[in-house]
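The working numbering numbers the first residue of the sequence shown as 132 and each following residue consecutively.
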Amino acid sequence: PPSLSPHAPESPPSNLPYPPPSCRLCPPPATTSSSPPSAKTPSSWTPGFVSKICPNSDRVKLVVPPNSTPSGLAESLGPGLGRKVLCPVPLVVGLEEPPVVPDFLFNLGLMGWDPVRVNAYVTRWA
């Protein structure tokens with residue numbers, strides 16, 4: 132079976148300011164960003180964690196779909212209207228990536244979202 136690592140494959144560049152002066156993922160202040168939860172959320176989405184994604188955590192909305200599947204999540208987000216959506220997903224190493232994540236990102240695109248893929252952890256065969 133695959134093993135999961137909570138560590139990102141690469142460290143962020145040390146010359147980047149933290150917290151970021153502005154959030155590149157956030158739309159203009161009149162709107163909010165949506166981020167699909169990972170399998171182990173919503174309890175892990177604390178205000179501290181959200182502030183690492185966007186300095187203004189009031190602009191981040193957590194969506195928990197009634198049907199906990201990739202297609203259910205894409206549907207629960209509704210029309211994207213060209214907005215960005217953060218997608219923390221696994222980086223698959225040493226084997227072919229299963230179609231779940233690419234299909235999910237494709238479905239978000241069909242719903243009008245601009246999915247931003249972020250490799251949140253590494254999945255590999257032990």
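No residue lacks a Cβ here, since even glycine has one placed at the ideal position from N, Cα and C. Note that the structure is a prediction, hence the values are computed from the model and not measured.
* Asked: How far does the beta strand (DSSP E) with Val223 in it reach, from first residue to last?
  -> 215-224
* Closer than 6 Å by C-beta to Pro178: which residues in its own chain qualify, once you throw out the five before and the five after it? Chain order, please. => Ser188
* So what does Asp245 bridge to, in DSSP terms? -> Lys215
* For Pro221, which residues of its own chain have a beta-carbon under 6 Å away from its beta-carbon, when the five flanking residues on both sides are left out? -> Tyr252, Thr254
* Mind checking Phe180: buried by the 16 CB within 10 Å criterion, or exposed? -> exposed
* Enumerate in chain order the residues of its own chain whose CB-to-CB distance from Arg248 is below 7 Å, with the five nearest sequence positions on each side excluded. => Cys218, Val220, Leu236
* Just reading off the alpha helix (DSSP H) that Pro178 is part of, what are its end residues? -> 178-184
* Asked: Can you name the start and end residues of the alpha helix (DSSP H) that Ala205 belongs to?
  -> 201-208
* To do: Provide the residue(s) that pair with Asn250 in DSSP beta bridges, ordered along the chain.
  => Val220
* Asked: Which value, in whole angstroms, describes the spacing of the CA atoms of Gly243 and Gly225?
  -> 32 Å
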